[in-house]
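There are 2 protein chains.
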Amino acid sequence: MSTDTSSFVDQLLRHAEAVEGCLEGLLGPDVQSGEIGRPPRLIAAMRHGALGGGKRLRPFLTAAAARLFGIAGEAPLRAGAAIELVHCYSLVHDDLPAMDDDDLRRGRPTVHKAFDEATAILAGDALLTLAFEVMAAPQTHPDPAIRGELTLGLARAAGLGGMVGGQMLDLAAEGRYGETGVLAQDDIRTLQAMKTGALLTFAAEAGAIVAGADATDRARLVAYGKALGAAFQIADDMLDREADAQAMGKAVGKDAAAGKGTLVDALGIDGARRECARLVSEAEAALAPFGAKAQTLCDAAHFTVARRN
Amino acid sequence: MSTDTSSFVDQLLRHAEAVEGCLEGLLGPDVQSGEIGRPPRLIAAMRHGALGGGKRLRPFLTAAAARLFGIAGEAPLRAGAAIELVHCYSLVHDDLPAMDDDDLRRGRPTVHKAFDEATAILAGDALLTLAFEVMAAPQTHPDPAIRGELTLGLARAAGLGGMVGGQMLDLAAEGRYGETGVLAQDDIRTLQAMKTGALLTFAAEAGAIVAGADATDRARLVAYGKALGAAFQIADDMLDREADAQAMGKAVGKDAAAGKGTLVDALGIDGARRECARLVSEAEAALAPFGAKAQTLCDAAHFTVARRN
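If you're matching them up, the sequences are chains W and S in order. Okay, so the first sequence: first residue is 1 according to UniProt numbering, each after it adds one. Okay, so the second sequence: first residue is 1 according to UniProt numbering, each after it adds one.
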């Protein structure tokens with residue numbers, strides 16, 4: 001399938017605005033009432049960590065997956081926003097001095113730099129908790145069984161066997177805990193499937209869940225999300241190698257400096273490009289049964305490996 | 001109502017064992033498989049933070065509240081365990097160097113002392129996430145609407161308007177962010193209702209939710225929980241004043257050193273004792289419609305203010 005990149009990017013940007021509006025509502029004026037019960041410093045830090053940036057790729061995947069089944073509107077938007085809140089919390093915590101110690105994120109100071117460490121820890125905790133509050137709320141879907149599946153899936157993608165576990169493995173791969181700094185290729189794939197793949201995969205699956213899709217169709221979205229997630233991470237590693245600091249808006253070359261192995265090290269730049277192309281084809285193949293309706297999601301897979309930041 | 005303290009403590013200890021067993025199952029051998037997908041260091045840190053200590057008062061309240069409506073077994077036990085996981089996560093994060101900087105908790109090294117700061121941040125994140133996974137799982141209750149209410153209530157008690165918000169206010173009350181160190185009595189009450197009250201209140205309410213109780217009975221448990229939570233915190237502040245480090249198993253007198261006002265400062269020791277007694281009566285009054293069935297919960301309120309650690 002071919003990709004009309006500019007019209008895809010338009011779609012992505014338009015949806016990112018809708019996500020921003022949803023997040024603004026969740027972290028907005030009525031929350032910022034300034035009473036003692038709503039600590040303004042914490043809310044400001046949550047807003048710093050969650051608003052005003054990012055492609056909002058995960059919520060886009062949720063919305064595009066739901067549209068495969070003819071579902072649009074508030075339900076996929078809120079489910080996607082909840083997933084984005086988990087993504088944002090993980091960035092806030094991963095940037096902390098005790099973790100990756102990053103000063104910049106999307107060209108702006110990280111939350112612990114703009115505020116302080118304690119505030120950043122609490123803002124991350126609050127964003128994570130808010131994600132579950134949003135997902136479990138009746139406004140997200142009238143059917144409590146569907147809200148329950150969304151909540152459970154989000155918790156699994158975020159927890160021990162997903163993002164948190166992946167970040168722990170990533171720290172260990174730096175040799176912090178006495179282990180060697182170089183992982184086998186399979187271990188790199190497992191680590192990345194957890195750290196970044198689990199939430200991207202769930203973002204795609206969540207669209208099917210919101211739409212009440214059957215198990216077969218859910219499995220198709222999961223297969224698509226897994227391939228897209230793996231391609232995303234390799235593309236990220238290539239960007240980390242190639243891009244200059246300005247284009248990324250964050251410190252680059254850190255993985256290399258930390259001595260961590262990536263698939264780009266293991267496969268070489270050309271091999272990594274081929275692996276990306278293979279994964280994009282795999283993502284497209286998973287959606288073949290949906291035919292032309294899946295074009296947007298296929299475009300998203302192409303975009304993921306072609307993006308420059 | 002009178003209190004048979006020793007038989008109440010027996011009940012509390014017996015239930016704490018059941019909670020320990022449940023948490024052990026959630027963080028146990030099949031989770032600790034040692035594959036790369038289940039980072040053993042993270043699991044060890046989660047176990048350190050969640051197992052082997054504590055009165056498990058919150059799960060006890062959930063179980064005792066459910067028994068008011070004739071409900072016992074797995075549902076209230078799992079709901080209580082999920083609440084306890086949130087309590088444990090909050091201790092792990094509050095102890096961090098950037099927050100309260102505590103080296104000891106229940107007489108043992110805190111998680112960041114036994115492991116390291118990054119691991120403690122991640123273990124807290126993982127315990128919080130696991131709490132939602134447990135609450136949302138079908139094993140907790142067959143009715144998805146009830147699981148949904150439990151999940152939503154837990155998120156509200158834990159988040160911005162609950163524990164996280166309360167901890168932020170507590171840090172601000174230390175004068176970290178340029179504000180004055182002394183709070184008005186009403187502000188102390190608000191802070192404590194959020195920081196410790198919200199989860200204790202929800203623990204009691206969760207028992208009613210699990211049992212499918214109506215709104216009137218839920219409101220009674222909420223009123224009970226609010227009074228008990230307020231009494232709990234004043235008792236804690238009195239212990240902080242009086243107890244020696246050995247009996248508490250943690251550093252004492254820290255609140256005084258940090259210059260934070262507590263209700264004990266505002267009311268004096270005698271006034272604080274009277275306030276505790278008033279709150280216990282208020283807790284009992286809220287449950288009066290249940291008659292003798294509420295004895296265990298009334299005992300719990302008395303225990304809360306009489307405990308020595």
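Glycine residues also receive a C-beta, built at the ideal position from the N, C-alpha and C atoms. Note that this is a predicted model, so its numbers are computed, not measured.
Hey, out of the options, whose CA is closest to residue i's CA?
i: T262/S; options: A213/S, D214/S, R307/S and R189/S; result: R189/S
i: C298/W; options: R47/W, C22/W, L68/W and G52/W; result: L68/W
i: K55/W; options: R106/W, A75/W and D102/W; result: R106/W
i: R307/S; options: F115/S, C276/S and E74/S; result: C276/S
i: E174/W; options: D101/S, A118/S, R274/S and G124/S; result: A118/S
i: Y89/S; options: A219/S, F290/S, A50/S and L221/S; result: A50/S
i: A184/S; options: A75/S, D236/S, Y177/S and L169/S; result: L169/S
i: L228/S; options: G159/S, D270/S, I83/S and A285/S; result: A285/S
i: A292/W; options: L279/W, A45/W, A64/W and C22/W; result: A64/W
i: E20/S; options: L221/S, L77/S, P144/S and A283/S; result: L77/S
i: A219/W; options: A288/W, Q167/W and Q233/W; result: A288/W
i: T129/W; options: V111/S, L154/S, K113/S and Q139/S; result: L154/S
i: Q295/W; options: L191/W, Y224/W, D214/W and K195/W; result: Y224/W
i: P144/S; options: A75/S, L57/S, G159/S and D217/S; result: A75/S
i: A283/W; options: A215/W, A301/W, D270/W and A72/W; result: A301/W
i: D186/S; options: L279/S, R176/S and A266/S; result: A266/S
Under the assumption that residue i contacts residue j (Cβ atoms under 8 Å), give the Cβ distance between them as a whole number of angstroms.
i: L122/S; j: M135/S; result: No, L122/S and M135/S are not in contact; Cβ-Cβ is about 21 Å, not under 8 Å.
i: P39/S; j: G162/W; result: The Cβ separation is near 12 Å, so there is no contact.
i: A131/W; j: V86/W; result: 5 Å
i: A126/W; j: M46/W; result: 6 Å
i: V222/S; j: E242/S; result: That pair is no contact at about 30 Å.
i: G207/S; j: A66/S; result: 4 Å
i: Q167/S; j: D94/S; result: 6 Å
i: V111/W; j: H48/W; result: 5 Å
i: residue 313/W; j: T140/W; result: The structure shown has nothing for residue 313/W, since chain W only spans 1 to 309.
i: L148/S; j: G148/W; result: The amino acid at residue 148/S is misidentified as Leu; the sequence shows Gly. With 8 Å as the limit, G148/S and G148/W qualify as a contact, their Cβ atoms being about 6 Å apart.
Leaving out the 5 sequence neighbours to the left and right, which residues in its chain are closer than 6 Å to residue i when beta-carbon positions are compared?
i: F60/S; result: L12 and H15
i: A157/S; result: A198, L199 and F202
i: G53/W; result: R106
i: I83/S; result: R58 and A203
i: G124/W; result: Y89, V92 and H93
i: D217/W; result: A208
i: residue 367/W; result: Here chain W covers residues 1 to 309 and nothing more, so residue 367/W does not appear.
i: K113/S; result: D103
By Cβ distance below 8 Å, which residues in the same chain neighbour residue i in space, the five residues on each side in sequence not counted?
i: S7/S; result: none
i: R41/S; result: F115 and T119
i: K226/S; result: A193, G197 and T201
i: I146/W; result: I209, V210 and G212
i: A81/W; result: V19, C22, L23, L26, P59 and V134
i: A272/S; result: I234, D237, M238, L263 and V264
i: G159/W; result: G165
i: P109/W; result: D103
i: S281/S; result: none
Under DSSP, the alpha helix (DSSP H) around residue i begins and ends at which residues?
i: G49/S; result: P40 to A50
i: L239/S; result: A215 to E242
i: D186/W; result: Q185 to Q192
i: F115/S; result: Run containing F115/S: none; DSSP gives neither H nor E here.
i: residue 312/S; result: In the structure as shown, chain S begins at 1 and stops at 309. Residue 312/S is therefore absent and cannot be evaluated.
i: G80/W; result: E74 to D94
i: P59/S; result: L57 to L68
i: A301/W; result: Q295 to A306
i: G54/S; result: From DSSP, G54/S is part of no alpha helix (DSSP H); its letter is neither H nor E.
i: T196/W; result: Premise fails: T196/W is in no alpha helix (DSSP H) and is neither H nor E.
Which residues in the same chain have their Cβ closer than 7 Å to the Cβ of residue i, if we skip the five residues on either side of it in sequence?
i: E24/S; result: L51
i: T304/S; result: L228, A231, F232 and A235
i: E17/W; result: none
i: I71/S; result: V210 and A211
i: F290/W; result: L68
i: R176/W; result: none
Determine, using beta carbons only, whether residue i comes closer than 8 Å to chain A.
i: E84/S; result: Although the question refers to chain A, the structure presented lacks it and instead comprises the protein chains W and S.
Does at least one heavy atom of the ligand GTP sit under 7 Å from the Cβ of residue i?
i: R105/W; result: Absence of the ligand GTP from the depicted structure is noted, as is the absence of any ligand whatsoever, leaving it without description.
Worksheet item: Could you give the uninterrupted runs of the alpha helix (DSSP H) lying entirely in the region 119-182 of chain W, keeping only those of 4 residues or more?
Response: The alpha helix (DSSP H) runs lying completely inside the region 119-182 of chain W and spanning 4 residues or more are 144-158 and 163-173, given in chain order.
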